[in-house]
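Numbering (my numbering), first residue to last: 131 to 818.
Here's the structure we're looking at; comments come further down.
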Amino acid sequence: MLVVFLLLLLPGAAWAVEAEIEDVVVNSARHVTARESIPASTGASTTTMDRETIERMPQGNAASLNQILLQAPGVVQEAQGDLHVRGDHRNLQYRINGVTLPEAISGFGQMFDARALRSVSLLTGALPAQFGYRTAGIVELTLRSGITDPGGSIGAYGGSFGTFQPALAYGSSIGPFEYFLTGNYLQSQRGFENPTAARDSINNDTQQIRGIANFGYQLDDFTRISVIGATNQSRYQIPTVPGQVPQFSAFGQDLYESAALRARQWQRSSFGVVAVQHARDTWDLQVAGFLRQTSINYLPDVLGEMIFNGAAAETRKRNTSMGLQVDGVWRVAANHTIRMGLYASRDVTQNVNNSTVLPLGADGVALDQPFTIQERGRINGQLYGIYAQDEWRLAEGLTLNFGARFDVMRQQVEASQLSPRANLVWQASPETTLSIGYARYFTPPPSELLTAPALALYANTTLAPEVPIASAPRPERANYYNVAIRQRLAPNWQVGADAFYRDVQDMQDLGQFGSAYIFSPYNYRQGRVYGVELTTSYREGPWLAYANLTLSRSVGRGLVSNQYFWSAAELAQVESKFVRTDHDQLVTGSAGVSWRGWEGGTLSGTLVYGSGMRRGFANSESVTPYATVNLGLAQQFTTPEGGVWTARVDLVNLADRSYQLRDGTGIGVGAPQYGMRRAIFAGLSRAL
């Protein structure tokens, strides 16, 4: 990874960017995968991938959102499509055409595929006051529309691991009305990550249906209404590990082949957005309402899980979130732009657990007398927030973006916070932009993941926790500092560097506990996250290239919520000293290159490097470092009757590297998980 990064820094590798101060905004004309000049309008560090860039990546339109985001700096890959950004676990805010959406229980990483996206931006650093709640990164998704992207495509993609994915995308406009629709079906024998090093996993089939609809109507010259809807309906088998040794006797049996376990999980998520935008010469206003429903149902193999684990839990979790978001911009004068807005949402989370357990005898040995403990719970939550900020052009090339937001949280814990924000951006020359920023953050626990376990029900059973304490998760409060520089070395070549530091009280983290693929939140009393990011990019003619390298550290001390997840020894270790968080990865890198070397043809490659996340007692060790390379070849051609077709072949994990994301040990880690082995995929699509 370091070699690739240094090669791209060599003289002669240049990329197109035009940066200038105009109306207190540092504008960037580039639209490639690279870190932008710091826009004074946000003060954030921004990476943008436009439609062309996405299509030129390996897998192209078939790539999922999490695969696209892995090419941004500071993004660490996790199992189940999850991501870590700058040493945080998930904590990403997804915005669809500027509207904030609450995250789904299973995350949004696999809900979107590239066919629906016009561009993807990742904002990190000291975010301005308009962004709240989820602050590790802001994922700005701009959907394709019937006006900007008329037409579409129909085709199929598939290959290794029994993968088959037919898909359709089409958009158009009729007078003031426009629309863009996408839908696809995915079938694969690799739903979740393989828990073994073998190439193929056992009992790991998945079927998924995804669709997005984007409608717009221009009411008059100043007003537009848009309606967006999306759904993801997924069914998974839970992969098994053969050769496990039975540990318990249940229902009169004590023998079972672990490869024959047959657990299943359903994941469903849907959302809808209605937004009205009104624009005038000196002010803009957007009012949006949203509704999101998400659920997970886990059905265990009761007999098998009882024999191996001494317990089997049917888990059902459902969350409904609805809310209102208002954002306004007032251009007061040439050197002042005021932004203000409000946010309000209500969440209802329903939990159902039917846990079959074994009682413990006086000697602590499990008795073959299984019985079921039923739990039903409902958690209500509300979030309210207001913000105001001013982009103030202090002098030519010097902009101060300052403001604050005030947030109120009502969940299992009630809390509030006033959060000041400030960013100073200085364009020292046409080639050089520097920025320094501070943000106070307030991060409520994710409502969709909350539970209120009745631990007393599990006393003297095989599910009795060693530490019977379940303090409610707390909101995270943090001070965030960011310093950045962007340097244009040539018309087509830019380099950049960021340094960041986050000092945290009640630092949030997530872990998978139990057999179901569901994360649960918890807090460290104190946390620190810090690091450095280096980026470079190049774009000229048929060439596009970029590279990112991030060094970071994430540590926490003192577990202060949901303590029942850990042993007494782990709690004591974490209380006495700082430990690495489970998602901490010292070195993270990504790189890519694309070449349009002949008419209609594109050859591309991407690289992802990780030094390994944590493992072992109290996260004291790390898994083995890994690097994976993907290659893609696409060819567009026209048939005699005028049809435009695109054929592509993609090779994933070129070296067939067997690598672990997790080994099943460490704080908050529930199972071993291996990355995808070498795979070959091919697709054919026709433009509509």
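Beta carbons are placed, not taken as given, at the ideal position from N, Cα and C, and that holds for glycine.
With 16 or more neighbouring CB atoms inside 10 Å of its own CB, K447 falls in the buried class. Secondary structure at M806: coil, using DSSP grouped into helix, strand and coil. Annotation: G688 to A602 spans about 15 Å, alpha carbon to alpha carbon. Non-local beta-carbon contacts of R329 in its own chain, meaning distances under 7 Å to residues more than five positions away in sequence, involve R807 in chain order. Bridge pairing for P651: L640 [DSSP]. H713 is the residue among H713, E771, G740, W725 whose C-alpha sits nearest the C-alpha of I797. Annotation: A702 is outside any beta strand (DSSP E); the continuous alpha helix (DSSP H) that includes it extends over 698-706.
Residue pairing by DSSP places L664 opposite A627, L679 in a beta bridge. Between I358 and L273 a beta carbon distance of about 7 Å is seen, short of the 8 Å cut, so the two are scored as contacting. In the DSSP annotation of this structure, the continuous segment of the beta strand (DSSP E) that includes N510 starts and ends at 501-525. A buried status is given to F811, since no fewer than 16 other beta-carbon atoms sit within 10 Å of its beta-carbon. Judged by pairs of C-beta atoms under 8 Å, the stretch 333-340 touches the stretch 360-372, as three or more such pairs exist. DSSP lists A534 as the bridge partner or partners of P550. Looking at the backbone, the Cα of G644 and that of R506 are separated by about 18 Å. Take G373, set aside five residues on each side of it, and the residues of its chain with a beta-carbon closer than 8 Å to its own are S388, A389, in chain order. Assigned with DSSP and collapsed to three states, Y588 falls in helix. By the C-beta density criterion, I426 is buried, having at least 16 other C-beta atoms within 10 angstroms. The residue among L763, L640, R551 with its C-alpha nearest the C-alpha of P188 is L763. With a threshold of 16 other beta carbon atoms within 10 Å, Y631 falls short and is exposed. Using a Cβ distance threshold of 8 Å, A209 and E323 count as a contacting pair. Within its own chain, the residues whose Cβ lies closer than 8 Å to the Cβ of N783, once the five positions on either side in sequence are excluded, are T758, V759, N760, G805, M806, R807, R808, A809, listed in chain order. Counting the other Cβ atoms within 10 Å of the Cβ of W696 gives 16 or more, which makes it buried. Note on Q377: under 16 other CB atoms within 10 angstroms of its CB, so exposed under the neighbour-count rule. Rounded to whole angstroms, Q395 and A443 show a C-alpha spacing of 12 Å. L316 is bridged by DSSP to Q338. G657 carries a strand assignment under DSSP once its states are collapsed to helix, strand and coil. In terms of Cα proximity to S485, the closest of A558, Q260, F501, Y473 is F501.
Separation of the CB atoms of I268 and R225 is rounded to 6 Å, and the pair is thereby assigned contact status at 8 Å. Boundaries of the beta strand (DSSP E) around R461: 441-463. Rounded to whole angstroms, the gap between the alpha carbons of V495 and A594 is 13 Å. The C-alpha of T769 is placed about 16 Å away from the C-alpha of G731. Residue pairing of L415 in beta bridges, as defined by DSSP: H408, G458. R320 places its beta carbon 8 Å or farther from that of F345. Counting only residues of its own chain and dropping the five nearest sequence neighbours on each side, H219 has a CB closer than 6 Å to the CB of D639, L640, H713.
Each residue's CA atom was taken as its position, placing Y568 and R816 some 49 Å apart.
DSSP places R604 outside any alpha helix (DSSP H), giving it a letter other than H or E.
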